[in-house]
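Number of protein chains: 2
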Amino acid sequence: MAKKNVYFFGGGKAEGNAKMRNTLGGKGANLADMSSIGVPVPAGYTITTDMCIAYYDNGRKVSKALVDEATKSLKKVEKAMGKKFGCTENPLLLSIRSGARDSMPGMMDTVLNVGLTSKTIPGLIAKSGDERFVYDAYRRLITMYADVVMEKAEGIEPKDGESIRVTLEHVFDALKEKRGVTEDADLSAEDLKAISVEFKKIVKAKMGKAFPDNADKQLWGGIKAVFASWNGPRAIAYREIEGIPHEWGTAVNVQAMVFGNMGDTSATGVAFTRNPATGEDYFYGEWLINAQGEDVVAGIRTPLPLNKESKTSGTKKSKSMQELYPKTYKQLYNIRVKLEKHYKDMQDVEFTVEDGELWMLQTRTGKRTGGAAIRMAVEMAESKLISKEEALMRVDPEQLNELLHPMLTAAGEKKAKVLAKGLPAGPGAGVGRAVFTSEAAAEWAAKGEKVILVRNETSPEDVNGMHCSEGILTAKGGMTSHAALVARGWGKCCIVGCGELHIDAKKKQFTVGGKTYKEGAWLSMNGSAGILYKDQLAVQPAQPEKNKDYKKLMTWADATRQINVRTNAESPADAKQAIAFGAEGIGLARTEHMFFEPERIIHIRHMILSETLEERRKAVMKLLPFQKKDFTGIFKAMAGKPVTIRLLDPPLHEFLELDEKQIKELAKQLKVKPADIKKRMGQLHELNPMLGHRGCRLGIAYPEITEMQARAIIEAAADLTKKKIKVSPELMVPLVGHENELENQAAIIHRVAEEIQKAKKVKVNYTVGTMIEIPRACFVADKIAEHAEFFSFGTNDLTQMGFGYSRDDVGSFLPEYVSKGILPADPFQTLDQGGIGQLVELGVKNGRKTKSELKIGICGEHGGDPESVKFCHRTGLNYVSCSPFRVPIARLAAAQAAIETPRKAATKAKPKKKAAAKKKAAKKAKKK
Amino acid sequence: MAKKNVYFFGGGKAEGNAKMRNTLGGKGANLADMSSIGVPVPAGYTITTDMCIAYYDNGRKVSKALVDEATKSLKKVEKAMGKKFGCTENPLLLSIRSGARDSMPGMMDTVLNVGLTSKTIPGLIAKSGDERFVYDAYRRLITMYADVVMEKAEGIEPKDGESIRVTLEHVFDALKEKRGVTEDADLSAEDLKAISVEFKKIVKAKMGKAFPDNADKQLWGGIKAVFASWNGPRAIAYREIEGIPHEWGTAVNVQAMVFGNMGDTSATGVAFTRNPATGEDYFYGEWLINAQGEDVVAGIRTPLPLNKESKTSGTKKSKSMQELYPKTYKQLYNIRVKLEKHYKDMQDVEFTVEDGELWMLQTRTGKRTGGAAIRMAVEMAESKLISKEEALMRVDPEQLNELLHPMLTAAGEKKAKVLAKGLPAGPGAGVGRAVFTSEAAAEWAAKGEKVILVRNETSPEDVNGMHCSEGILTAKGGMTSHAALVARGWGKCCIVGCGELHIDAKKKQFTVGGKTYKEGAWLSMNGSAGILYKDQLAVQPAQPEKNKDYKKLMTWADATRQINVRTNAESPADAKQAIAFGAEGIGLARTEHMFFEPERIIHIRHMILSETLEERRKAVMKLLPFQKKDFTGIFKAMAGKPVTIRLLDPPLHEFLELDEKQIKELAKQLKVKPADIKKRMGQLHELNPMLGHRGCRLGIAYPEITEMQARAIIEAAADLTKKKIKVSPELMVPLVGHENELENQAAIIHRVAEEIQKAKKVKVNYTVGTMIEIPRACFVADKIAEHAEFFSFGTNDLTQMGFGYSRDDVGSFLPEYVSKGILPADPFQTLDQGGIGQLVELGVKNGRKTKSELKIGICGEHGGDPESVKFCHRTGLNYVSCSPFRVPIARLAAAQAAIETPRKAATKAKPKKKAAAKKKAAKKAKKK
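Residue numbers (the working numbering), protein chains in the order written: chain A, 7 to 934; chain B, 7 to 934.
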């Protein structure tokens, strides 16, 4: 039997099902599924994603076999809907839509009202009794077809260089102006009929090809256009940002048209089964009377609220569907309940009411803000709709970012000048300078400026500019508009429907309240409340701890995860912030950051310029009191939690980067010749500093540095220990590639520690370990482990050396590597599990060969990346360490990892009590 | 039972044996061995190397247990020799010598004549009847003891700052001058007695401590001094150069003194059982009448020839031992035969004739030149003394270097001015500028100058300066002098005993034939003939193919080895040289070297500065004819042997390193603005170019480069193929870290090849493979192998990235790493088998997982390092590739590897015949 490539659905039946997402796309699978469970869905058929791939493989042609199979399905559709495609008497109109595995909202093309021809128009007028509606549909079809099929898919270039869509819209707007109306609905049937004729003339003149007056030609032109739009520039850009593989392809859904624009008993709308911005458990949506779906989504007309709960300050006076069509609303509400029960998740649905009859056009799992995701997950788990594990899996760890995002300060907002209010489409604070085009946003951002993208409405062409803005502000559109959907997906601050703004993109300015704001003007947005302020307001850190759902979810996560989460911090302030975010220790305190203050760096420079060991020692030891103070502060802040301190790592020339003037000053200060400073600078210059004299190579060449740092750490720890303050410093030797390096440095540390403990008569709880960040170290980790009490993988350097990529220079080829698909992702953002990950696994295996209980962690960028955290869990690491703001993300990712791949034995640090009990037991055993 | 720490030997017996080299040192083990086989050896005992380590561990003290054990052994010695130590009537005198596992000639200290005191002197005079001899021994003992024990070992600083040895020698020389004699032997007994008294006074005054008048004190002072000399600066320096571990320690040999200086019936000498410079099979040695052994080795008196064969142009009139003492010579000759039969190798022996009685003081395997090593190995194998395998193992591959060393040209020598003749102590040519101290040699060499070290005689203090000289030239000394021994060990050009030279080191000049030559004067040496020339002569390449023993040995090596040896070459000339040295193909042809000629680099620069793809393509394609010509030349030279061509590797900025003037010129030439060139230079600048935009990353960014190179290679190959000239190019893609990179580049190459083959209607025998030089590549080699027909390990880059060492910057810490023992060796010289080697093993394992027959080689510095070649054999590689001059070394090392660790299946390329036969068989099978 030949492979099935077309799947029918409709009339309470379906050939496909919800599991066939890869083949039918998300939309197709759900249409089949909805049809199966008795939700009223206009009949149709889905052409599989494989056919999209085949279309490209065949040089952008469709096979006869596919046409035959689709034609058979079309017969079933005709039967289910009681209409006939291309029929003069009771014609069936079709919609043609894309549908990929993962939703790509608005990124691909759609053609509606397919099947309207000079032959079918009279029949439809007779059947509907509404000539105006038919010609409205017809002029829409002509516009869409000319744009999507002819210009975009077939690649016809309009003769005058202006896009056909723009030309037709201008003609349409001119007619409205001529008639003195603002709403499309105020144009008469005659007007629309006349304009259809004119449209067809313009198409033929501009495109050199007539709009096809044949239903079948329209159908297959539309289908091919949807296939083609998979590789449209917008779709490609979106996939690259979202990480969707280019080889998936899109399915095509051909479905009977139902009309929301057949007069005042028709309507169309979009709804979410819960509020996608807040997660609140009520039906939430927007609708428009006498309109087609695109009118709602495109954000051109501000839609009406679906019900009481959907009303906002801007729409509180508008009539809701609940009020106007109570019966149909009730029917829709019941479908909402049915869908949530069936899918066990919040759904995003599209519906149309055609002359009082409700049709569901689409359902899919709805995008949501991070806050909403958390609330829904927790509430669904508490109401037993899903399990706690499912709730934890339901929240993308990256979504926590939104809750952890900074907010405007209440005090700042109180004093600030409100410019306008709009719909709160994306939470958090957005502070930046106004720009009016996507290109400008990208340019300013590239210069390091923070920008707010200000648009009448956004379109898929704007995704790049939106991505690099701090906030997105639109004058038009609703909560389900393009801008709102995209911003929410990214967790970005966004306000839409801010109608008070008068935007003139050409002049690069907007006017509000009689005042004009030009490009570059500072704006501040409260995306959670939808308020736009003048000027650059202060921003306060996130306070996720005030969100009870977040707290509950994180409690579940902590109970579930099997590895610890630490933070990278060098100051008591950072340490405190991280503890507030749930950090269980410091995994990386970089000591070199402590050297750059003027009163300190002078000693480092003196050290570098010293001629004798004696002089060098003296200079280094002047840093001791500073370092001791640093460590005392951190130890106090961490209150006994482990603190991993990395000894000096960067090459010395980083401390001696001076211009002529600075050289003169330094020479004066240190009483040396400027020429000697220059000479030393020359000596320290390296061709490849990444691979040069740094890390423990410094400590071996200048043991006095290691000694000073060890002394500062152990003395600070000893003094606190004497005051009964718990400390647990972990001294970490960087850049070890050979066991002898660690042996050499550990010997210095242990000697210093012994001296201090003897002198101060106190036992200090300290350990010595190493970074594993040199590829060679992974191979000899068994030998290195003989001298180490812990390992911490430095996956940044491991990636640099393992790939042979200098992170500073990778910009010249890495972006192209990712866009060409040579690499699936930037390995500095997400750990390259297939390659660098094997180095980590090898290091773990070898290290534990020598010490089965060896404590192993990871520090650096990857420690906060969810996929990398999961990898660390699977590889048996004890902890990850990341920046304070990513600690909650790592906690949740670790919990998800434990759910996906539970480990036999938990390697998370045991609670103190148990450890103490164990010790007691061991003592008892000894006594026996 | 307590561990035995002292081993007696003598009187035809021995407690130790030859296998106890690690415990007894080379000398001690051989003394025991010789004693066992009936060679007359003065009795003695050996203190083990463990006791040396214990001496250091005990804070430089010897234990009472050791003293007791040694005292017992001393009794046996007294019994065997019929004398008593410290006895007034028939006193035994002792020598105390060092003896490490591996010979360290002259690097440690010796004390002779121990046991002479005011009590024993009268007895010895009475017994020997020779007062002069006794006081001569006594003044020698005082000098040595004061120098070796008091100043060096005990660390006493002479009060006047001048070394005690120098002071005493001045006093002795002054006496000779006063007496008007030049030879020590011309001083009377009275003189020597008086000077002994004076010596003792001087010692007490300068050193603040009396010379001990107690035999036991002398004995233990001497033993401790030998222990101490293990860590003397000379010994440490020598061990670092030779790679001898510092923790081995030295044994101490305490042995009955026998005297070569008891008048004209006494003598002392040094001999080799074969000629150590040429390998010729005759007894070869030097001797002095009425002298102690140090007189021969120190090179102060030019020694006499042992026999007819040992006579040289300089000594042809001197009487030989054969002539003067025929009976004793016969006895010595028989011992020569016995020793060679016993040890199956050439021996280096020391002997003394005491009043007509022959004593052997030492035997050890003799150092030899490379040529001698080969000749001896081949001749011993042919005479069945050893097997062919033993013969192959007998030659250190590095020794071949000497044969491969350049020689002065015959024409040049004919015309050149001969300055002097001396003994040919080290073969090959040495051309450089005269320097007169070891320090000067090091300084000049550091500046990049080639130097000849000119000395009256060398001493162990000179080893550093000798090592960095092109040649060593001494006025005094014989073929067994310090200079000769050391130079021969290193395969360095050396002439000794060049008595016509009058050297004034203070004035930095020498005079010969009435003319004076100052520091910096150019000299040329023929070390194989012992001739010194004026000026800088031309040097010709080595012609090892004219040496029949070498040819025989290499034939055996080729029959034995299981891997192929290729060469790294970029020109037809290099290729031909390498074939002459036995290369079986080119393993690495670096194409970037072909781009630097002015008429070529302009196109590369044009390419780099191009604004459009079109322009860039055009510029690149201009290189096509040049490259095609290059490859045609190489293919012809290699006559069908495989040629691996690496595609462009270095970052583009290497082609655009210009100063202001060059920028202006280039701007004019290319008709661009200088500012644009500067801008592009700035864009190309990289912080870590090693890890930047290079290798296949270039070919991916600029596919036209890959296309051009592929086209040049395949077109050249196609044209030759059409002319029935065999070619087998292997296109190698550099710096692959991800399989997609190779897939991308291989696709371009295969497409181009297809086009050319179609257009030219010819099938080209080519393959596509990759360098494995990125650590990540080793982990994913299975995936990479899917697109590769061969691998070649780039162990240079693998070492750089695996260790995180930039070879350009490693100078700041690597020497210290090696000297501190953090690393055993420079990993860029010898492959780090423990770390980087594991990467190679992993790459091989993974690659062969996908393709079990995958051809795998290595190219780069390590391919010619014997230890690394052996590693490659063991790891299952098919070939190594190295510079032409190292090809023979690699061939021999590969043979040794096959002897040490034979592989099951040979992976060396099969002879063509077999391959052809295989094909035929396959065809036949198909027909069936």
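Beta carbons are placed, not taken as given, at the ideal position from N, Cα and C, and that holds for glycine.
Phenylalanine 602 (chain A) counts as exposed, since fewer than 16 other beta carbons sit within 10 angstroms of its beta carbon. The Cβ of phenylalanine 891 (chain A) sits no closer than 8 angstroms to any Cβ of chain B. Annotation for lysine 524 (chain A): Gln515 place their beta carbon closer than 6 angstroms to its own, counting only its chain and skipping 5 residues before and after. Lysine 861 (chain A) sits buried, since 16 or more C-beta atoms from the chains shown fall within 10 Å of its C-beta. Following the DSSP letters along the chain, one finds arginine 138 (chain A) in no beta strand (DSSP E) but inside the alpha helix (DSSP H) bounded by residues 137 to 150.
Within chain B, the residues Phe819, Glu822 have their CB atoms less than 7 angstroms from the CB of alanine 707 (chain A), given in chain order.
Here the alpha carbons of arginine 381 (chain B) and asparagine 340 (chain B) stand approximately 22 angstroms from one another. Closer than 8 angstroms at the C-beta level to chain A, one finds these residues of the segment 801 to 814 of chain B: Asp803, Gln806, Met807, Gly808, Phe809, Gly810, Tyr811, Ser812, Asp814. Inter-segment contact for the segment 351 to 366 of chain B and the segment 256 to 265 of chain B is present: three or more beta-carbon pairs are separated by less than 8 angstroms. In the DSSP assignment, glycine 434 (chain B) falls outside any beta strand (DSSP E) and carries neither an H nor an E.
Checking the DSSP bridge columns, you'll see tyrosine 523 (chain B) partnered with B:Phe516. The beta carbon of histidine 612 (chain B) does not come within 8 angstroms of any beta carbon belonging to chain A, so the residue lies off that interface. Shown here for valine 518 (chain A): same chain residues with a beta carbon closer than 6 angstroms to its own, the five before and five after excluded, namely Leu425, Ala426, Glu506, Leu507 in chain order. Under DSSP, aspartate 510 (chain A) takes part in a beta bridge, and its partners are A:Gln515. Taking each of A:Glu449, A:Gly432, A:Tyr349 in turn and checking the Cα distance to arginine 400 (chain A), the smallest one comes out for A:Tyr349. Each of B:Leu330, B:Trp365, B:Lys667, B:Ser393 was checked against the Cα of aspartate 351 (chain B), and the nearest Cα belongs to B:Ser393. From the listed residues A:Ser887, A:Val786, A:Ser487, A:Thr801, the smallest Cα separation to glutamate 292 (chain A) is found for A:Ser487. Note that the C-beta distance between leucine 147 (chain B) and valine 140 (chain B) is not below 8 angstroms.
The alpha-carbon of glutamate 590 (chain B) is positioned some 7 angstroms away from that of asparagine 570 (chain B). Shortest Cα-Cα distance from isoleucine 501 (chain A) to any of A:Tyr151, A:Ser530, A:Gly520, A:Arg280 involves A:Ser530. By the Cβ neighbour-count rule, asparagine 313 (chain A) is buried, with 16 or more other Cβ atoms within 10 Å of its own.
DSSP places arginine 572 (chain B) within a strand segment (E or B) once states are collapsed to three. With a contact defined as Cβ atoms closer than 8 angstroms, valine 545 (chain B) and glycine 646 (chain B) miss out at about 33 angstroms. Its Cα nearest to that of asparagine 296 (chain B), the residue B:Pro309 stands out among B:Glu286, B:Thr284, B:Gly285, B:Pro309. Look at valine 786 (chain B): its C-beta is under 8 angstroms from a C-beta on chain A.
Secondary structure of proline 251 (chain A) (DSSP, three-state): coil. Residues of chain A whose Cβ lies closer than 7 angstroms to the Cβ of arginine 782 (chain B) are, in chain order, Gly808, Phe809, Gly841, Ile842. Residue state for serine 444 (chain B) is assigned as helix, using DSSP reduced to three classes. When the five nearest sequence neighbours on each side are left out, the beta carbons in the same chain lying within less than 7 angstroms of the beta carbon of serine 874 (chain B) are those of Thr836, Leu837, His868, in order along the chain. The segment 119 to 134 of chain A and the segment 170 to 190 of chain A do not touch, with fewer than 3 CB-CB distances between them shorter than 8 angstroms. For chain B, none of the residues of the segment 501 to 525 of chain A brings a beta carbon within less than 9 angstroms of one of its beta carbons. Interface flag for histidine 744 (chain B) against chain A is set, since a Cβ pair is found closer than 8 angstroms. The C-alpha of glycine 32 (chain A) is placed about 10 angstroms away from the C-alpha of glutamine 368 (chain A). In the same chain as alanine 707 (chain B), and ignoring 5 residues on each side of it, the C-beta atoms closer than 8 angstroms to its own belong to His699, in chain order. For cysteine 58 (chain B), the uninterrupted alpha helix (DSSP H) run begins and ends at 55 to 63, by DSSP.
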